Amino acid sequence: MSSTEQGTSSAAPAEPTTAPESAAAPEVPESFYYVHGKDKVVHKVSAGALQHSALIHGMISNLGYTEEQAKANPFPFENIDGDILQMVVDWCNQHKGKPTPPEDTNLPKQKEKLFDLVLAVNYLEIKELLTYCCKQVAMMVKGKSPEEIREIWMIPTDAEDEAAEKEAKKRAGKEAAGETAAAAGDAK
Amino acid sequence: MPIRLLSLSVADLQYALECMDIRDLIAFSLCSNQTKNLVRSSNRKIYPITAYVYENDITFHIMEDDDYEEQSIHLLIFDFYIELNGRMEIEVWRKEEFTTSDWIAHFLRIFNDPMIDYLAIVDTSLPYLDTIKQLFPKCIRLAISDKFSREFTKKNRFLEIIFHC
Numbered sequence: 001m002s003s004t005e006q007g008t009s010s011a012a013p014a015e016p017t018t019a020p021e022s023a024a025a026p027e028v029p030e031s032f033y034y035v036h037g038k039d040k041v042v043h044k045v046s047a048g049a050l051q052h053s054a055l056i057h058g059m060i061s062n063l064g065y066t067e068e069q070a071k072a073n074p075f076p077f078e079n080i081d082g083d084i085l086q087m088v089v090d091w092c093n094q095h096k097g098k099p100t101p102p103e104d105t106n107l108p109k110q111k112e113k114l115f116d117l118v119l120a121v122n123y124l125e126i127k128e129l130l131t132y133c134c135k136q137v138a139m140m141v142k143g144k145s146p147e148e149i150r151e152i153w154m155i156p157t158d159a160e161d162e163a164a165e166k167e168a169k170k171r172a173g174k175e176a177a178g179e180t181a182a183a184a185g186d187a188k
Numbered sequence: 001m002p003i004r005l006l007s008l009s010v011a012d013l014q015y016a017l018e019c020m021d022i023r024d025l026i027a028f029s030l031c032s033n034q035t036k037n038l039v040r041s042s043n044r045k046i047y048p049i050t051a052y053v054y055e056n057d058i059t060f061h062i063m064e065d066d067d068y069e070e071q072s073i074h075l076l077i078f079d080f081y082i083e084l085n086g087r088m089e090i091e092v093w094r095k096e097e098f099t100t101s102d103w104i105a106h107f108l109r110i111f112n113d114p115m116i117d118y119l120a121i122v123d124t125s126l127p128y129l130d131t132i133k134q135l136f137p138k139c140i141r142l143a144i145s146d147k148f149s150r151e152f153t154k155k156n157r158f159l160e161i162i163f164h165c
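Dropping the structure here:
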């Protein structure tokens, strides 16, 4: 089941499809909010699921949106890829109102996605998911040699670090010189 | 596909390091000076390091603070390379620019240990003793196998070492 609507990018998104929560409906209807990533696809997420994100939870608390206002103003996360936001939303829905287990097997297995997921989860401040992601990152190098670790995690050698530092210093020097020249020009 | 680990935030990076076991952490520390400093700042707690000196190698015993036998590793230092006897197989890691003293300094440094806790001289020749003194200028506890202690005492070197420890 998914509470995501695909391809909606307008300020007033079409009615999303939402799977029933359970046979016994709660007395107080749950409020829903809307988020979209870089791809503008709007995801409908319940307030309960969004509680995992300290960032969004804080935004909701401060804004005091009605459901209509929330629908008309989806929270934009332009720095997060659509598929990554989808993963985050799915995780929040799966773990809504549940204690988080010590291990999570539902995380993406693709390493390229994992890094983007860590960045997104860090930004959205979802502590439990961040914990799982970091564990997964650590598992990438389990039993590997220093050379293999350097390759997997793209760690620069000391020589590369030194060269980059020199380059940065050179650039900073040039910029400072440029600023001084510009200031002298202005003074004239 | 590789990921650029050092682009992560410091907090995420430190949490990832916390999730690594001691063997992987040592491997990571050997990637570069930057990774060495990261491991150092992670403040991983380990049991005080013990070292055993033999004629041909020095064995370091490094163990996680929670004392699980599978969490302990044995490192045999042979000049520019080390052998790891942590799990099922023996691994060899090389650092061409390293000498024995560099390895020792590296292990002490990444775990913020100022000196070896327990140094055992098990099997070595007397001429090598001066080198040992240079490699381990200080230790908290010193043990010399009975096989050599008489010889050491005879040469007055043993007492000299004890005095310096």
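Line by line, the protein sequences are chains A and B. Note that full-length UniProt numbering has the first sequence beginning at 1, numbered continuously upward. Note that full-length UniProt numbering has the second sequence beginning at 1, numbered continuously upward. Every residue gets a Cβ at the ideal spot worked out from N, C-alpha and C, and that includes glycine. These numbers come from a predicted model, not from an experiment.
Residue range of the alpha helix (DSSP H) that residue i falls in?
i       : result
T131(B) : 129-135
T100(B) : 100-110
Y132(A) : 127-139
W91(A)  : 82-94
V41(A)  : V41(A) -> no alpha helix (DSSP H), and no H or E assigned at all.
L126(B) : Premise fails: L126(B) is in no alpha helix (DSSP H) and is neither H nor E.
H57(A)  : 54-63
T50(B)  : Element bounds for T50(B): not the alpha helix (DSSP H) but the beta strand (DSSP E), 50-54.
G97(A)  : Taken as a continuous stretch (DSSP letters only), G97(A) belongs to no alpha helix (DSSP H), as it is neither H nor E.
I155(A) : Premise fails: I155(A) is in no alpha helix (DSSP H) and is neither H nor E.
G48(A)  : 47-50
Would you call the CB atoms of residue i and residue j closer than 7 Å?
i       : j       : result
K40(A)  : F32(A)  : no
W153(A) : L17(B)  : no
L135(B) : I104(B) : yes
L55(A)  : E162(A) : no
A51(B)  : L119(B) : yes
F28(B)  : D57(B)  : no
C92(A)  : L117(A) : no
I49(B)  : D117(B) : yes
V48(A)  : G97(A)  : With the sequence shown as reference, residue 48(A) is identified as Gly, and Val is not the correct amino acid for it. Going by C-beta atoms, G48(A) is nearer than 7 Å to G97(A).
I46(B)  : D21(B)  : no
F107(B) : F148(B) : no
I155(A) : S32(B)  : yes
I84(A)  : A120(A) : yes
I121(B) : I144(B) : yes
Which of the three DSSP states, helix, strand or coil, is assigned to residue i?
i       : result
F115(A) : helix
S22(A)  : Low confidence applies here, because S22(A) scores a pLDDT of 48, under 50, leaving its location unreliable and the question unanswered by this model.
P76(A)  : strand
I26(B)  : helix
Y15(B)  : helix
R44(B)  : coil
T180(A) : helix
T17(A)  : Low confidence applies to T17(A): its pLDDT is 42, below 50, so where it sits in the model is not reliable, and the reading given next is rough at best. If DSSP states are grouped into helix, strand and coil, T17(A) belongs with coil.
What residue does the beta strand (DSSP E) around residue i start on, and which one ends it?
i       : result
L76(B)  : 73-78
I82(B)  : 81-84
D123(B) : 116-123
L5(B)   : Per DSSP, L5(B) belongs to no beta strand (DSSP E) and is neither H nor E.
R94(B)  : 91-94
I62(B)  : 58-62
I140(B) : 139-144
Excluding five sequence neighbours on each side, which residues of the same chain lie with their C-beta closer than 8 Å to the C-beta of residue i?
i       : result
N122(A) : L130
L8(B)   : A16
F163(B) : Reliability of the predicted coordinates at F163(B) is poor, the pLDDT of 47 falling under 50, and no value is obtained from them.
E97(B)  : F80
F75(A)  : Y33, Y34, V35, H36, I56, M59
V141(A) : E148, I149, I152, W153
Output needed for residue i: all residues of its chain with C-beta closer than 6 Å, excluding positions within five of it in sequence on either side, in chain order.
i       : result
I90(B)  : E83
D123(B) : Y54, E55
S22(A)  : Any answer about S22(A) is weak, because its pLDDT of 48 lies below 50 and its placement is not dependable; what the coordinates show is given next. None.
H52(A)  : C92, I126
Kindly list the residues whose CB is nearer than 7 Å to the CB of residue i, restricted to its own chain and excluding five residues on each side of it in sequence; keep chain order.
i      : result
K95(B) : L30, F80
V39(B) : L17, L25, F28, S29, I110
T35(B) : F28, S29
E67(A) : S31, F32
Going by the C-beta, is residue i closer than 6 Å to any heavy atom of the ligand PLP?
i       : result
C133(A) : Absent from the structure shown: the ligand PLP. Ligands present: none.
Query raised in the report: Would the segment 6-13 of chain B and the segment 174-183 of chain A be scored as touching if the rule is three or more Cβ pairs under 8 Å?
Result: They do not touch, by the three-pair rule.
Query - contact_flag[the segment 135-151 of chain A, the segment 70-84 of chain A] where n(CB pairs < 8 Å) is 3 or more - result: Short answer: they don't touch.
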